[in-house]
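K.L.:
Each protein sequence line maps, in turn, to chains X and C. Under our numbering, the first sequence has 90 at position 90, and the numbering climbs by one with no breaks. Under our numbering, the second sequence has 165 at position 16, and the numbering climbs by one with no breaks. We treat Cβ as the ideally placed atom computed from N, Cα and C, and that holds for glycine. This structure is in structure tokens; I'll ask about it shortly.
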Amino acid sequence: MQYMLIMRSNDEAVEAYKEMPFEQVIEAMGKYNESMVEAGVLLAGEGLSDASEGFVVDFSADPPLVTDGPYGETRELFNGFWILDVASKEEAAEWAQRCPLGPGSKLEVRRVQGADDFPADNEWIQKEEGWREQEAAKRAATAPGGAAG
Amino acid sequence: MVADEAARRAEDSARRAVVAVWRIESARIVATLTRHTGDFALAEDLAQEALADALAQWPERGVPRNGAAWLTAVAKRKAIDHWRRRERLDDRVAAIAHDLEREQDEAADALPWDPDEIDDDVLRLVFIACHPLLAPQARVALTLRVVAGLETAEIARAFLVPVATVQQRIVRAKQALADAHVPFEAPPRGERAQRLAAVLGVLYVIFTEGHAATAGDDWMRPDLAREAIRLVRTLAALQPDEPEVHGLLALLELTAARFPARVDAQGEPVLLADQDRRRWDRGAIRRGRAALARAEGFGRGLGPYALQAAIAECHAVAADVASTDWARIVALYGGLEQVAPSPVVTLNKAVAVSMAGGPGAALAIVDRLAGEKALAIGHLLPSVRGELLSRLGRDDEARAAFAQAAERTQNERERAILLARAATR
């Protein structure tokens, strides 16, 4: 199952981060990322640029309103994320706790929805006739080693 | 009652925390201990004992801040106790014990390892678990246990065998490695390619077992397949310069991308032609194609896994069966016949030929395979033959072929489909 780790920091944490030597920050994050790559769990991760480069699309208005703000408080802003592929919620929690963040920072951890979260399509019943036609051949054609399709 | 319930829940949560830490750290812990003790079997036992301690203690005392350090420290203490208990306490042993004790004092809270050294250690562990000395089933069990951190019961459940069987396989495998004095080192340069092939083979078997269950009534066991993918990703991180590791990773990601579309709401298999391609996992396709591009980037030609991945990519990028580049697939199977000839590959090529050029040419290839032993025992040959005959309008022969295929398959769901196929001809 996949989890998204969403990083949020308040002003204090952002300031504290600016004080830290860049090299040190890069190294701590680099090691953290490397450990997840080597465990085979890291699928994606990006840092987000300064909020001033972003904008907001507000759907309260019709048509939606695009503005430079207003933003809420800094602590409500996301500034980076990771997507992990783990065996359990606890494993996601274990990785999240290892993130090199300081006071004022939070990780919101959310499960990424997969196909299982949606009801299977009824289209299949209509297509059933079709699948009876061609299955065996397609199956052998596409499976690795020909086991199944 | 309420208090009982709360206590039970707390215990459960602590237990799951132990398992999570174990999943992440077991390979590193066993690897570290093996380096210190020079004895893989002992290291594995010590790590398991530490795990048992954690399962007993964490629910009561709470989950420690650094669970990995806790497990490693406990296992090391057990190593020291073990050496002390032994009568032949020679100088070497005393020195190791001293080292371990000193290290333990120093590493109170810090992560208890040197990352550079450990990465090599984990790799050595992978090579040991997949040692050619061991039977394939033992390699699979040991890899899942030691490298993936699965518990014996989980492995048993995944392969539908009794726990005792898995236990036995693991104990015997460790004994065999100990008897042969298998050293804790990466294989010598000359043997490396061959050994890596064995490692990839084991990981592929784990995936395939999840992808298409060979026995029982489950069509697939995705957890096992996902575990295999994670192991291959780990290996790709440890051995980034091996094209076939990326080739295998690409193959598994691209194959797994289709999982969401492979079964319908009733749990029945949905075959490629009928799969709703919108349900394919785009993220997995992206990762698979990236891994394939990496394998291709070495410019050394594609190995068997990368070739199969390239075939899977043809399907992944096609909007439907009709617009699939079957000619390219035929060519890729041709390449596969060169580097890894097998009747199964030829059979698959025949199917691609039937899509690219019609059933007649394909049937000729299939009929040339009729004498092959490897396929004679399987159900694939008659199943494909039935399909081709059916398309050629030779219904009686098609029916007989499907019935023969149904007789030969071990998978219940598959048999049902084949029987239905025979009945509708």
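Give, in chain order, every unbroken run of the beta strand (DSSP E) that is at least 3 residues long and sits entirely within the region 434 to 485 of chain C.
P.N.:
none
K.L.:
Would the beta-carbon of residue 406 of chain C fall within 9 Å of that of residue 394 of chain C?
P.N.:
Position 257 of the second sequence, counting from 1, holds the residue named residue 406 of chain C. Position 245 of the second sequence, counting from 1, holds the residue named residue 394 of chain C. Cβ atoms of residue 406 of chain C and residue 394 of chain C: not closer than 9 Å.
K.L.:
Does the beta-carbon distance from residue 9 of chain X to residue 101 of chain X come in below 9 Å?
P.N.:
On the first sequence, residue 9 of chain X is found 9 positions in, with the first residue counted as 1. On the first sequence, residue 101 of chain X is found 101 positions in, with the first residue counted as 1. Yes.
K.L.:
Which of helix, strand or coil does DSSP assign to residue 102 of chain X?
P.N.:
Numbered from 1 along the first sequence, position 102 holds the residue referred to as residue 102 of chain X. In the structure shown, residue 102 of chain X sits in coil (DSSP, three-state: anything other than H, G, I, E or B).
K.L.:
Under a CB-based cut-off of 9 Å, is residue 114 of chain X close to chain C?
P.N.:
Locating residue 114 of chain X in the first sequence gives position 114, counting from the first residue. By this cut-off, residue 114 of chain X is an interface position.
K.L.:
Hey, how far is the Cα of residue 537 of chain C from the Cα of residue 503 of chain C?
P.N.:
Within the second sequence, the letter at position 388 stands for residue 537 of chain C. Within the second sequence, the letter at position 354 stands for residue 503 of chain C. Answer to the nearest angstrom: the Cα atoms are 8 Å apart.
K.L.:
Give every residue of the same chain whose Cβ lies closer than 7 Å to the Cβ of residue 92 of chain X, excluding the five residues on either side of it in the sequence, and list them in chain order.
P.N.:
Counting from one through the first sequence, the residue named residue 92 of chain X turns up at place 92. Taken in chain order, the residues that qualify are 3, 84, 86 and 109.
K.L.:
For residue 457 of chain C, does the count of other Cβ atoms within 10 angstroms reach 16, so buried, or fall short, so exposed?
P.N.:
The residue you call residue 457 of chain C lines up with position 308 of the second sequence. Looking at its Cβ environment, which holds 16 or more other Cβ atoms inside 10 Å, residue 457 of chain C is buried.
K.L.:
Between the alpha carbons of residue 428 of chain C and residue 473 of chain C, how many angstroms are there, rounded?
P.N.:
Reading the second sequence from its first residue, position 279 is the one you call residue 428 of chain C. Reading the second sequence from its first residue, position 324 is the one you call residue 473 of chain C. Roughly 18 Å between the two C-alpha positions.
K.L.:
Who are the neighbours of residue 88 of chain X on chain C, taking C-beta pairs under 9 Å?
P.N.:
Here residue 88 of chain X corresponds to residue number 88 of the first sequence, with the count starting at 1. Within 9 Å Cβ-Cβ: 165, 168, 169 and 172.
K.L.:
Under 9 Å, Cβ to Cβ, is there at least one residue of chain X near residue 376 of chain C?
P.N.:
In the second sequence, residue 376 of chain C corresponds to position 227, counting from 1. Yes, contact with chain X.
K.L.:
Check this for me: beta carbons of residue 510 of chain C and residue 462 of chain C, under 9 Å apart or not?
P.N.:
Working through the second sequence from its first residue, we reach residue 510 of chain C at position 361. Working through the second sequence from its first residue, we reach residue 462 of chain C at position 313. No, the Cβ-Cβ distance between residue 510 of chain C and residue 462 of chain C is not below 9 Å.
K.L.:
Is the Cβ of residue 48 of chain X closer than 9 Å to any Cβ of chain C?
P.N.:
Looking up residue 48 of chain X in the first sequence gives position 48. Chain C, which has no Cβ nearer than 9 Å to the Cβ of residue 48 of chain X, makes this no.
K.L.:
Could you tell me the alpha carbon to alpha carbon distance between residue 211 of chain C and residue 223 of chain C, rounded to whole angstroms?
P.N.:
In the second sequence, counting from the first residue as 1, residue 211 of chain C sits at position 62. In the second sequence, counting from the first residue as 1, residue 223 of chain C sits at position 74. Looking at the two C-alpha atoms, the distance is approximately 16 Å.
K.L.:
Can you pull the chain X residues whose beta carbon is under 8 Å from the beta carbon of residue 387 of chain C, in chain order?
P.N.:
Position 238 of the second sequence, counted from the start, is the residue given in the question as residue 387 of chain C. Here the neighbours are 38.
K.L.:
Can you find a CB in chain C that lies within less than 9 Å of the CB of residue 101 of chain X?
P.N.:
Here the question's residue 101 of chain X lines up with position 101 in the first sequence. Answer no: the Cβ-Cβ gap between residue 101 of chain X and chain C never drops below 9 Å.
K.L.:
Does the distance from the C-beta atom of residue 79 of chain X to that of residue 43 of chain X stay below 9 Å?
P.N.:
Translated into positions along the first sequence, residue 79 of chain X becomes position 79. Translated into positions along the first sequence, residue 43 of chain X becomes position 43. No.
K.L.:
Which one or two residues does DSSP pair with residue 67 of chain X in a beta bridge?
P.N.:
Start at 1 with the first residue of the first sequence, and residue 67 of chain X comes out as number 67. According to DSSP, which records beta bridges pairwise, residue 67 of chain X is partnered with X:56.
K.L.:
Distance, Cα to Cα, residue 56 of chain X vs residue 45 of chain X?
P.N.:
For the purposes of this step, residue 56 of chain X is identified with residue 56 of the first sequence, where counting begins at 1. For the purposes of this step, residue 45 of chain X is identified with residue 45 of the first sequence, where counting begins at 1. Between residue 56 of chain X and residue 45 of chain X, the C-alpha separation is close to 22 Å.
K.L.:
Along the chain, where does the beta strand (DSSP E) that runs through residue 82 of chain X open and close?
P.N.:
As a working mapping, residue 82 of chain X is identified with position 82 in the first sequence. Per DSSP, residue 82 of chain X belongs to the beta strand (DSSP E) from 78 to 85.
K.L.:
Output yes or no for whether 9 Å exceeds the beta carbon distance between residue 172 of chain C and residue 204 of chain C.
P.N.:
Counting from one through the second sequence, the residue named residue 172 of chain C turns up at place 23. Counting from one through the second sequence, the residue named residue 204 of chain C turns up at place 55. Contact flag unset, no.
K.L.:
Where residue 136 of chain X and residue 77 of chain X are concerned, what is the direct C-alpha to C-alpha distance, given to the nearest angstrom?
P.N.:
Here residue 136 of chain X is taken as the residue at index 136 of the first sequence, counted from 1. Here residue 77 of chain X is taken as the residue at index 77 of the first sequence, counted from 1. For residue 136 of chain X, the predicted model reports a pLDDT of 38, less than 50, meaning its position is unreliable and no value from the coordinates is stated.
K.L.:
Give me, in chain order, the residues of the same chain whose beta-carbon lies closer than 6 Å to that of residue 488 of chain C; leave out the 5 immediate sequence neighbours on both sides.
P.N.:
Within the second sequence, the letter at position 339 stands for residue 488 of chain C. For residue 488 of chain C, where only same-chain residues beyond five positions count, the Cβ hits under 6 Å are 453.
K.L.:
Starting from the Cα of residue 388 of chain C, find the closest Cα among C:451, C:348 and C:179 and give me that residue.
P.N.:
Against the second sequence, residue 388 of chain C aligns to sequence position 239. Among C:451, C:348 and C:179, the Cα nearest to that of residue 388 of chain C is on C:348.
K.L.:
Can you tell me which of C:380, C:373 and C:436 puts its alpha carbon nearest to the alpha carbon of residue 276 of chain C?
P.N.:
For the purposes of this step, residue 276 of chain C is taken as residue 127 along the second sequence, with counting starting at 1. Selected option, being the one with the closest Cα: C:380.
K.L.:
Can a CB atom of chain X be found closer than 9 Å to the CB of residue 314 of chain C?
P.N.:
For the purposes of this step, residue 314 of chain C is taken as residue 165 along the second sequence, with counting starting at 1. It does not: the Cβ of residue 314 of chain C has no partner Cβ on chain X nearer than 9 Å.
K.L.:
Given a cut-off of 9 Å on the beta-carbon distance, is the pair residue 419 of chain C and residue 410 of chain C in contact?
P.N.:
Taking the second sequence and counting its residues from 1, one reaches residue 419 of chain C at position 270. Taking the second sequence and counting its residues from 1, one reaches residue 410 of chain C at position 261. In this structure, residue 410 of chain C lies closer than 9 Å to residue 419 of chain C by Cβ.
K.L.:
State the Cα-Cα distance for the pair residue 66 of chain X and residue 59 of chain X, rounded to the nearest angstrom.
P.N.:
As a working note, residue 66 of chain X is residue 66 in the first sequence. As a working note, residue 59 of chain X is residue 59 in the first sequence. For residue 66 of chain X and residue 59 of chain X, the distance between alpha carbons rounds to 9 Å.
K.L.:
For the alpha helix (DSSP H) that contains residue 555 of chain C, what are its first and last residues?
P.N.:
The residue given as residue 555 of chain C occupies position 406 in the second sequence. Counting along the chain, the alpha helix (DSSP H) containing residue 555 of chain C begins and ends at 544 to 557.
K.L.:
With respect to the beta strand (DSSP E) encompassing residue 298 of chain C, which residues constitute its N-terminal and C-terminal limits?
P.N.:
Position 149 of the second sequence, counted from the start, is the residue given in the question as residue 298 of chain C. It is not in any beta strand (DSSP E) - residue 298 of chain C carries neither H nor E in the DSSP assignment.
K.L.:
So for residue 415 of chain C, helix, strand or coil by DSSP?
P.N.:
Walking along the second sequence from the start, residue 415 of chain C turns up at place 266. Coil.
K.L.:
Does the distance from the C-beta atom of residue 104 of chain X to that of residue 13 of chain X stay below 9 Å?
P.N.:
The count along the first sequence starts at 1 and reaches residue 104 of chain X at position 104. The count along the first sequence starts at 1 and reaches residue 13 of chain X at position 13. Cβ distance < 9 Å, so residue 104 of chain X and residue 13 of chain X count as in contact.
K.L.:
Taking all protein chains shown into account, do 16 or more other C-beta atoms lie within 10 angstroms of the C-beta of residue 330 of chain C, making it buried, or fewer, making it exposed?
P.N.:
Position 181 of the second sequence, counting from 1, holds the residue named residue 330 of chain C. When all chains shown are included, residue 330 of chain C counts as exposed.
K.L.:
I want to see whether chain X comes within less than 9 Å of residue 331 of chain C, judged by CB atoms only; does it?
P.N.:
By one-based count along the second sequence, residue 331 of chain C stands at place 182. It does not; no Cβ of chain X falls within 9 Å.
K.L.:
Could you check whether the Cβ of residue 3 of chain X sits closer than 9 Å to any Cβ belonging to chain C?
P.N.:
Within the first sequence, numbered from 1, the residue matching residue 3 of chain X stands at position 3. Closer than 9 Å: no.
K.L.:
Considering Cα atoms alone, identify which of C:233, C:465, C:443 and C:464 is closest to residue 455 of chain C.
P.N.:
Your numbering for residue 455 of chain C matches position 306 in the second sequence. Ranking the options by Cα distance to residue 455 of chain C, first place goes to C:443.
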